[in-house]
Amino acid sequence: EGNKTPYETIGKEQLDKLIDLFYSKVGNHPELKPVFPADLSETARKQKQFMSQYLGGPPLYTSEHGHPMLRARHMPFEITPARAEAWLLCMREAMDEIELTGEIRDFFYHRLVLTAQHMVNTPDNDA
Ligand code: HEM
3 EGNKTPYETI GKEQLDKLID LFYSKVGNHP ELKPVFPADL SETARKQKQF MSQYLGGPPL
63 YTSEHGHPML RARHMPFEIT PARAEAWLLC MREAMDEIEL TGEIRDFFYH RLVLTAQHMV
123 NTPDNDA
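With full-length UniProt numbering applied, the sequence shown covers 3 to 129.
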């Protein structure tokens, strides 16, 4: 029990549900929609692979795509502080909807805040 990875604690089913919900919100968010592809199915598939290894589960992303180099892979997109906030808002809403609560949510969300901040590569327009 104490040796469970975050991936095991959340479970594949919940994680997949979270990511699908998350991208349905991203696709409807006015700040995020313009930077993402119209069809988010492949993006969601890659994110499921990535989140698996991010949370201590099987290294599915690396097996298929190599080292994540996340910041480099985000460089083609203008990631502003406002977009990072919007990304995190979609994630909080998705977490609320699947009822991911408690320590595991706090742990996971906090890591996402740090990673999202690290992805920022462009200042806000009117900053
Ligand atoms: C891919 C935006 C944060 C993980 C992408 C793509 C965009 C994007 C536009 C390309 C989608 C595609 O072509 O399919 C953003 C924005 C963020 C953000 C605006 C706000 C900070 C994050 C965070 C993580 C993450 C925090 C991980 C914790 C990924 C992964 C991919 C991806 C794994 C797929 C990379 C690949 O093509 O192999 N993101 N992202 N992103 N993002 Fe983000």
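Glycine included, C-beta positions come from ideal geometry on N, C-alpha and C.
| Check | Outcome |
| --- | --- |
| If you measure between the beta carbons of V28 and R85, is that distance less than 8 Å? | no |
| Beta-carbon of L62 versus every beta-carbon of chain C: anything under 8 Å? | Any reference to chain C falls outside this structure, which holds one protein chain only. |
| So E66 packs on Q51, CB below 8 Å; how close in whole Å? | 6 Å |
| Hey, quick one: how far does the alpha helix (DSSP H) through A96 stretch, first residue to last? | P83 to E99 |
| Tell me whether I106, by its Cβ, gets closer than 7 Å to a heavy atom of the ligand HEM. | no |
| Within its chain, find whatever has a CB closer than 7 Å to the CB of L23; leave out the 5 residues flanking it on each side and keep chain order. | A96, E99 and I100 |
| Does any heavy atom of the ligand HEM sit closer than 7 Å to the C-beta of R94? | no |
| Hey, is the region 55-62 in contact with the region 79-94, meaning 3+ C-beta pairs nearer than 8 Å? | no |
| Less than 8 Å between the C-beta atoms of M121 and R47, yes or no? | no |
| Starting from the C-beta of I21, find all residues in its chain whose C-beta is less than 6 Å away, skip the five residues before and the five after it, and write them out in chain order. | A46, Q49 and K50 |
| Express the C-alpha separation of K14 and Y25 in angstroms, rounding to a whole number. | 17 Å |
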